[in-house]
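If you're matching positions, the sequence shown starts at -5 in the numbering used here and goes up one per residue. Just so it is clear, CB atoms sit at the ideal spot from N, CA and C, and this is done for glycine as well. Below you'll find the structure, written out as C-alpha cells, and then a few comments.
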Amino acid sequence: MNDHRFEYANLANLKFIEQLYSEYLEDPSKVDPSWQRFFEGMAFGARLPAQTVCPTLSSPDLRVFHLIEAYRIFGHRAAHINPLSDGPPKPEEIAELKLETLGFKQSDLSQNFPTCGFLKEETAPLSKIVEALQQTYCHFVGFEYMGMQTPEVEKFIQQQIEPYFSYPMSHEERLRLLHHLNTSEVFESFIHMKYPGQKRFSVEGGETIIPLMHELIDEGGEEGVQTFVLGMAHRGRLNVLANILRKSYSSIFHEFESTYIPDTVQGTGDVKYHMGYSATIETTKGKPMQLHLAANPSHLESVDPVVEGQTRAYQEKEGSLKTSAIVPVLIHGDAAIAGQGVVYETLQFCNIPGYATGGTIHIVINNQVGFTAHPHESRSTQYCTDIAKGFGAPVFHLNAEKPENCLAAARLAMRIRQRFHCDVFLELNCFRKYGHNETDEPGFTQPLAYQKIRDRKNIRDLYRDQSVERGNFSKEEAQACEDEFKALLEKELQATKDLTKQKREVKLPKEQKPSPLLQHVPSGIPISRLKELTEKFCAVPSEFNIHPKVKRIFEDRKKMSEGDLKTPVVDWGMAEYLAYASLLTDGVHVRLSGQDSRRGTFSHRHAILTDQQSQKTYVPLNHLAQNQASFDVYNSPLSEYAVMGFEYGYSLVYEKSLVIWEAQFGDFANGAQITIDQYVVSAEQKWGSHSSFTLLMPHGYEGMGPEHSSARIERFLQLAASDSIYVVVPSTASQFYHILRRQGITSMKKPLMLFSPKALLRFPPSSSPLEAFDEGTSFQEVIDDPSPPNKPNRVLFCTGKVYYDLVQEREKRGASDVAIIRIEQLYPLHEEKIQSTLRKYKGISSCYWVQEEHENMGAWGYIAPKLQKLLPEKLELRYVGRVRSASPAAGSGALHKFELAKFLNEAFE
C-alpha cells in the first residue's frame, strides 16, 4: 500500500478539492476513481457529525466545516497546558489553524456563516465561531482524539465538550476541591518540615493529582465501578496512600521515624514508597469503593502489566468478565512512559482476548524532567503520551494549575472508558518543586526552570486566591479548611511519637530447617478417575473435523489409560492433560499463557483443537464435568516482560488457581528478568505477597545452539533463598504430573520455577506407567537409582535430561558399580532424602555431580557445597560437565556431540 497516495489532499489545496467535491456530489463518476475513494473515506465526504444541520454543503459550508475539523484535530497544539510557559503558540501561528489556510480572509470575521451544528444558532459571525472553537480546543485542556478512535467515540467527546468545555461547580464542590488540594499540599509540606532531608518523592508542583483521582473515583461510582486497581511509581505515592486510599497519617509518619522496623512476620520489607495497600472507602455520594494499590519496585512501569493481570483476575473471579465494575488506573511519569518499552507491551493487551480489561485510565504526571534529563533528551515526539495514538486512545492534555478543568477532563475520561471500554490518557502538565528527591539539587541541570519554580505559588494557594477573588468562597472558609487539616496532622504526628516510644526487637528472617516447603503433599488420584477423565477429554464431538495427526494423538492418549498399569506408556503431553483435568474437576482454575501455548511449541499439547473446515475451536478440558473450574489457555503476544508480569499479577488475585506462564524456549525467559527478580522471587520477602505462579521453561542441551538450550538454572538458584520459590527439574512424565498437581493444591503458595523438557516429550524411557499416577503417589524430590548396583563404587548425582545420557553410557560400558541419583527438586533441597539415599551406598570411593550445562552454569555452583557436607568424611564431590564458557551452548551440532561424549567419558573413566 502506498501511504503517500493522498499526500496532495491537504488544506493548502482547498479550492481545488472543493471544486472536485462539487463535481463528485453531482455525479461521482465525473471524478477520477482515486478521488472517489478519497471523498468516500474523508470525514467531510461521508461522515458528518450528528449535530450537523447543513443538508447540502456549499463552498462556505465546507470552509466552516473544515475550520471546525481543523480545531478538533489541531487545536490541542494551541492549548495552554504548560504552567511554566508564557503561553502556547497562538492559533493563528499554527499553519493548520490559520484562517487563510482554511479559505477565509480577516474581513470574513464579521460576516455570518452557517455553524454546521457547532453552535446552537444556524448562522453566526465567523468571529463567534472561532471564539467558541478556541474556548473549547485552545484553552486549558488540549483534546487529542480525532482520527484515533471510532466515529462513535469522537462523536461522544464532541457532544460532551462542544461548543464550550466547562464544568459548572457548586459552592460545596469548590470547597471540596480546595480541601483535596489542601490535603495534597499540606501533607507534603508538613512532612518536609517535620522530617527534613528524608526522601518522600513529593508530588508538589502536581498536587492536582489528588483531586483528579477523587473525581475519577466519584465519577466511577456513578458509572457502576466497584473496584479500582491502581499502579504507580514513587512520585506522589505516599500522598495517594494517605489521601486516596486513606492509609492513616500516623502510620505513614511512623515509617519516617529513625527507629521504624517493618512489622513483617517473614521478610525484610521495602521502602515506604514501594508498598502496596488495599482499602474500602466511600465516594462523595456514599457508595462503597474498593481500592487496590499494587506494590512495585523502582523499575519504572514494570508494575503496568501486573496491574492489568490483577484487574483481569478480579474481573473473572465472579465467573463472568465484569469489565465495567473493575477498572485499572495506571499513573506514569513523563520520562518513563516515553522511555520504557513495557508500556508499549502492556498497551498491546487492550484488545487481545484473555488480556483485555475493558480499558485503562492512564494518568501521566508530566513534571517536564526525568531525574535530570530534559524532555528533548527523553523522547523524539511532541508529547510524552504519543504512544497512545497507536492504540486509538484519546488523550487529554491538562494544566495542573487549572484544577477545575482537570476535574472536568477526569469525569469525561471515566465516562468514555465506561461507555466504549477503551484506554484514555490524562496528561497532567506540571512541574517538580524539588529535585528527583528532596535532597537533590535540580538547579545544577535545570537552572532557568527552577528560577521560575522557586518564585511560584503552589496550586492550592493559586486556586484559593482566585476563588476568593471570584467570590466562590470566603477567605475565612478557606483558612478554616487549612487550619482543620493541619490540626489533624499534628494530632496524627503525636500518635506516631507515642508509638515510636514502644521498643521492638530487631529480628532478621531465618531459613527454617527443615523447610516447610518439604512437607509431603499427596497428589496421586485413583486410576479409575484417571480413566474417566481421559474418556472425557478424548471424546471429541463427531461433527468436529479434527486434523488426522491430532486425532491420532488423542487416540493414543486414550490407549495410554487402557493399558497395563506397570507399562511406561504415559507421555508428557498426556501427563500434563491428566494434571489439568484432575485440578479442574477439583475446582482449581487453570490459566496457561505463552507464545504458542495452545498447541505447544513442540506440538505436544494440543489444548485447543481447530476444525479443519470451519476454523472453529474446541477445548477438550472444558468438557469434563458440569461444575468444573474453567481452563483458559492463550497464545500470548510475542512478549516476555509484559506477559509474565500480567500472569504474575493474575496469580496474586485468583488464589484458587494454577497460573502458568510458558516460555517458548527457556532461553527467552530472561526477556522478563525484571519481573522475575523484582516480583516473582522477592515479592513475598519485600511486600508479603503470596503467589503460586508457575514458570514453564523448556530446558535441555540438544545441539540447538546458544539460544535454544538453557533456561539459566543457575540464575534461579542464585535467587532462591528464604523459602521463596521451588526450583524443579522433572525427569519423567509422572513427576511432571505430580509437580503440577502439587502446585495447584498445596497450601504453601510459592512460585514454581519448572524446567520442562524438549527432547524428553517423545522419549519413551521418560514416559511413566499408570501406577505412578495412582492414589498414594506423589512428587519425589530425590529419585534413587531404579537399578542400584550390588557393589557400588561410584555415585553420580544429576538433574534433568542428562540422567538418560548417563544411563545409556552406563549400559554401553557395562559399568555395574555406578549408581545414578536424580535430584528432581533443587530448591529447597531435600537433604534428609539425599542422606537416606546415600546410606544405601556405603563404601563408595568417588562421587560426582554431572550436568550438561557449563561449569559456571547449571546447578553446580549452588549444589556443590550443599552436597559436600552430606557426603561421608574424606569423600570429595567432583564436577563433571562442560567446561566454563561465556556462551550457554555450542553453535554446532558436531561440537555439541563432542562435548557430550567428553564429559560422559569423564563420568565413568
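Legend entry - Unbroken stretches of the beta strand (DSSP E), 3 residues or longer, contained in the segment 862 to 898: 871 to 876
Legend entry - 3-residue-minimum beta strand (DSSP E) runs that sit fully inside the segment 340 to 413, ordered along the chain: 355 to 360 and 389 to 393
Legend entry - Whole-angstrom C-beta distance between F222 and P321, which should lie under 8 Å: Correcting the residue identity first, residue 321 is Val in this sequence and not Pro. Contact holds; Cβ gap of about 5 Å.
Inset, instruction - Excluding the 5 residues preceding and the 5 following G885 in the sequence, name in chain order all residues of the same chain whose CB lies nearer than 8 Å to its CB. - result: G699 and P700
Legend entry - Top-ranked residue by Cα proximity to A533, from E398, A619 and F659: A619
Inset, instruction - Measure the C-alpha to C-alpha separation of V418 and F195 and round it to an integer number of angstroms. - result: CA-to-CA, the gap between V418 and F195 works out to about 26 Å.
Legend entry - Beta carbon of R426 nearer than 7 Å to that of A573: no
Legend entry - Helix, strand or coil at E276 according to DSSP, with G and I counted as helix: strand
Legend entry - Rounded separation between A766 and S576 - CA only: 15 Å
Legend entry - Rounded Cβ spacing between V986 and Q304 (contact assumed at less than 8 Å): Since the first and last residues shown for the chain are -5 and 903, residue 986 lies out of range.
Legend entry - Three-way DSSP call (helix, strand, coil) for S645 in this model: DSSP, read as helix, strand or coil, puts S645 in helix.
Inset, instruction - Can you tell me which of the three DSSP states P436 falls into? - result: P436 sits in a helix when the DSSP states are folded into three classes.
Inset, instruction - Spell out a yes or no on whether the segment 175 to 193 and the segment 141 to 156 are touching, meaning 3 or more CB-CB pairs, one atom from each, closer than 8 Å. - result: Taking 8 Å as the limit for Cβ pairs, the verdict is that the segment 141 to 156 does not touch the segment 175 to 193.
Inset, instruction - Report buried or exposed for P43, applying the criterion of at least 16 other Cβ atoms within 10 angstroms of its Cβ. - result: With a pLDDT of only 42 at P43, under the threshold of 50, the placement of this residue in the model should not be trusted; the figure read from the coordinates follows. It is buried - the Cβ of P43 has at least 16 other Cβ atoms within 10 Å.
Inset, instruction - Would you mind stating whether L120 and Q105 have Cβ atoms separated by less than 7 Å? - result: yes
Legend entry - Three-state secondary structure (DSSP) of V582: In the displayed model, V582 falls within coil according to three-state DSSP, outside both helix and strand.
Legend entry - Selected residue, minimal CA-CA separation from P436, among A367, R409 and K396: A367
Legend entry - Contacting residues, own chain, Cβ-Cβ under 8 Å from L713 (five flanking each side not counted): I670, D671, V675, S676 and I719
Inset, instruction - Flag E146 as yes when its Cβ comes closer than 6 Å to any non-hydrogen atom of the ligand ADP, and as no otherwise. - result: Only the bare structure without any ligand can be found here, which leaves the ligand ADP out of the picture.
Inset, instruction - Answer yes if the segment 872 to 886 comes into contact with the segment 747 to 762, meaning at least three C-beta pairs across the two stretches below 8 Å, and no otherwise. - result: no
Legend entry - Proximity of I359 and G200 at Cβ, strictly below 7 Å: yes
Legend entry - Backbone CA spacing between P291 and D558 [nearest angstrom]: Near 53 Å, if we compare the C-alpha coordinates of D558 and P291.
Legend entry - Cβ pair count under 8 Å reaching 3, the segment 627 to 634 against the segment 335 to 354: yes
Legend entry - Between the CA atoms of D459 and R71 - distance to the nearest angstrom: 29 Å
Inset, instruction - List the residues that DSSP assigns as beta-bridge partners of L746. - result: T688 and Y720.
Inset, instruction - Just tell me which of I355, L103 and I275 has its CA closest to the CA of M226. - result: I355
Legend entry - DSSP state of S762 mapped onto helix, strand, coil: strand
Inset, instruction - Provide the residue(s) that pair with T117 in DSSP beta bridges, ordered along the chain. - result: P108
Legend entry - C-alpha gap between K138 and E276, whole angstroms: The sequence shown places Glu at residue 138, rather than the Lys named in the question. Going from the Cα of E138 to the Cα of E276 covers about 32 Å.
Legend entry - Runs of beta strand (DSSP E) wholly within the segment 220 to 246 (minimum 3 residues, chain order): Complete beta strand (DSSP E) runs here, min 3: 221 to 226.
Inset, instruction - Helix, strand or coil for H208, going by three-state DSSP, please let me know. - result: Here H208 carries a helix assignment [DSSP, helix/strand/coil].
Inset, instruction - Give the single residue among H415, A332, R306 and S372 whose Cα lies nearest to the Cα of E217. - result: H415
Inset, instruction - Could you pull out every residue in the same chain whose Cβ sits closer than 8 Å to the Cβ of E919, ignoring the five residues on either side in sequence? - result: Nothing about residue 919 can be read from this structure; the chain reaches only from -5 to 903.
Legend entry - Every unbroken alpha helix (DSSP H) within the segment 654 to 709, with a cutoff of 4 residues, ordered by chain: As far as the segment 654 to 709 is concerned, its whole alpha helix (DSSP H) runs of at least 4 residues are 677 to 681.
Inset, instruction - Can you tell me which of the three DSSP states P535 falls into? - result: coil
Inset, instruction - Determine the direct distance from the alpha carbon of I707 to that of F662, and round the result to whole angstroms. - result: 13 Å
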